[in-house]
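Quick note on this note's numbering: the sequence shown kicks off at 160 and runs consecutively.
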Amino acid sequence: MGALEAEETATRTHFKLEAREKTEDNLGRSVKRSVHVQVFSFESIDDLNWAMKRWLPDFIDHSAVRPGRDVKNVPHVDPSVVIIDGTSIAVLTLSCSQFDLESFRDWRQRMLTYFGSASAVVIEVQGCEGPLMWTKNAPDPKDRSWK
């Protein structure tokens with residue numbers, strides 16, 4: 160999770176959602192599909208903004224990300240959806256061995272109904288090692304809030 164793990168938060172939750180039935184993954188194994196969910200809540204918007212300033216230069220697996228700028232390749236990062244809404248950050252991660260683009264897009268839509276609002280900022284890592292895309296309410300790259 161990069162620098163976000165070192166942040167002081169109001170609350171921090173980590174859990175795993177697992178399918179009831181087994182399906183075949185990309186490696187030919189019969190597994191229950193699973194998603195790791197980490198939610199970080201902060202006391203205020205200012206605290207969240209400070210956390211984002213420190214997290215983006217040391218993003219997931221220590222890759223640097225710039226606000227509002229898409230990245231073609233993010234080494235060592237599993238398919239993920241990051242939802243920044245209000246004073247919380249939710250990071251939802253799939254295993255690379257369970258990644259399928261169509262399933263990912265369907266899963267992302269369902270997760271946005273549970274974890275995000277219309278004003279949420281959404282960052283997606285749309286595959287194993289990228290691309291990373293700011294897909295909803297991306298910040299203006301010239302805005303200094305998260306730099």
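Just so you know, even glycine gets a beta-carbon here, dropped at the ideal spot from N, CA and C.
Ranked by Cα distance from GLY227, the first of THR172, MET211 and GLY275 is MET211. Straight across, the Cα-Cα distance linking GLN257 with ILE242 is about 21 Å. DSSP places SER262 within a helical segment (H, G or I) once states are collapsed to three.
In this structure, the straight-line span from the alpha carbon of PRO300 to that of ARG225 is close to 8 Å. The three-state reading of DSSP puts THR272 in helix, counting H, G and I together. In the pairwise beta carbon analysis, the stretch 166-180 is classified as touching the stretch 188-198: at least three pairs are separated by under 8 Å. DSSP lists no bridge partner for TRP305.
Considering only ARG303, MET270 and LYS191, the residue with the shortest C-alpha distance to VAL250 is MET270.
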